[in-house]
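Numbering (the working numbering), first residue to last: 4 to 243. C-beta: ideal position from N, C-alpha, C; glycine also. Bear in mind that the values here come from a model prediction, so they are computed numbers and not experimental data. Below is one structure, written out as structure tokens; comments come after it.
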């Protein structure tokens, strides 16, 4: 059984959780919905007294997170026990959830996020435009010395990385050899990229299965070719 106590810190809703997050923890989804309906778009969940999070509980968290994202809110976790952190890590959810050991730091991070978000909107996103694209891409693991390339579809491309839709997924951190056909020029591009993000089916079913790749040891000449390709093909007036 899961019990939830609500408190607030200015505009941040804080949920103190106690018990188990499992198939019977629908109260968590309801409480998140209540927070959003009452204007608390920034939510901090305190796991200090949580005993377990099982597979069904992960689905509960995913549903609640999707609701927060749909409302353009944010959620962070506090005081997550080590054994639950391991569960998150195994499911690659430690890359989805921000986890803090200090309530003060967690609360302050919401303010910092807004500052960083504004900087990214004004600078980084203008500098590294993303080109929505639909072309075939081939990739294989460097470490495993695979003989044959796997086939995927390139969903978007930028100066620093790309998003690939493919039935074959690779673990986070794995370096891949990638072949891109960027026509009419620069043509076929061979490069390396590291897996930095795996799309979670519960959170983004329309993009699953897909991988976010960050270019690895990319030389300046090849990066310039990619930037030029993106700029040439980006729709006029499109802000990415």
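- Within the segment 71-101, the runs of alpha helix (DSSP H) at least 4 residues long that lie entirely inside it are, in chain order, 85-93.
- Judged by pairs of C-beta atoms under 8 angstroms, the segment 209-229 touches the segment 147-167, as three or more such pairs exist.
- Annotation: residue 31 to residue 233 spans about 43 angstroms, alpha carbon to alpha carbon.
- The secondary-structure analysis by DSSP pairs residue 103 across a beta bridge with 81.
- Ranked by Cα distance from residue 171, the first of 151, 219 and 183 is 151.
- With a 10 Å radius around the Cβ and a threshold of 16 neighbouring Cβ atoms, residue 139 comes out exposed.
- Setting aside the 5 residues that flank it on each side, residue 20 is surrounded in the same chain by 5, 7, 48, 49, 50, 52 and 53, each with a C-beta closer than 7 angstroms to its C-beta; the list follows chain order.
- Along the segment 163-190, the beta strand (DSSP E) occurs as fully enclosed runs of 3 or more residues at 164-168 and 178-185, listed in sequence order.
- If you check the CB distance, residue 206 and residue 67 do not come in under 8 angstroms.
- Taking all protein chains in view, the Cβ of residue 220 is surrounded by fewer than 16 other Cβ atoms within 10 Å, so the residue is classified as exposed.
- Taken through DSSP and simplified to helix, strand or coil, residue 205 comes out as coil.
- When 112, 26 and 230 are compared, the shortest CA-CA separation from residue 46 is found for 112.
- Annotated three-state conformation of residue 108 is helix, per DSSP.
- In the structure shown, residue 217 adopts extended strand secondary structure according to DSSP, grouped into three states.
- DSSP places residue 41 in the coil class of the three-state scheme, outside both helix and strand.
- Listed as beta-bridge partners of residue 46 by DSSP are 16 and 78.
- Going by beta carbons, residue 180 and residue 142 fall inside the 8 angstroms limit.
- Judged by their CB atoms, residue 36 and residue 73 are not nearer to each other than the 8 angstroms cut-off.
- Per DSSP, reduced to three states, the secondary structure at residue 69 is helical.
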